[in-house]
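Numbering-wise (my numbering), the sequence shown opens with residue 2 and increments by one.
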Amino acid sequence: MVQGSFATMQAEPTATQLTFYYENGQAETLSVPIMANELGPILQKMLNQPWLTFNLPEQTVMISTQKVIKVEIKPALTQLQGEGIFSNTQRVTALQRGAAGRLGI
């Protein structure tokens, strides 16, 4: 048996991180208590709703899907297949978030 502080097992995540990017350049990340493989099948239906509601311990957050331009999901939804889905993709350059206008260009 392996012992020591570095001998931790990687458990499968019990939550999925959703990062919403809005038209106005802002972004926020929420952790939802659903595994990524459970989120995949309901994702399209979820994003077709006009509003998404997230109940946090201290508040309720409502997001207008019409104002969302991008959603990042961690861990990846590798089980998604079909038209418009590109598997094994690699990001070459990261999106420059909020960089417009900072350098006076």
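Beta carbons: idealized from backbone N, C-alpha and C, even for Gly.
Asked, Found
"Span separating the alpha-carbon of Thr66 from that of Gln50", "7 Å"
"Reduced DSSP category for Thr119 - H, G, I as helix; E, B as strand; rest coil", "Only positions 2 to 106 of the chain appear in the structure, and residue 119 is not among them; the question remains open."
"Residue environment, Leu48, which counts as buried when at least 16 other CB atoms sit within 10 Å", "exposed"
"Separation of Ser32 from Ser88, as counted between CA atoms", "24 Å"
"Glu84 to Asn56 span [Cα, whole Å]", "32 Å"
"Limits of the alpha helix (DSSP H) - the one that Ala37 falls within", "37 to 40"
"Helix, strand or coil at Leu57 [DSSP, three-state]", "coil"
"Assumed close pair Leu19, Ile74 - CB separation to whole angstroms, cut-off 8 Å", "6 Å"
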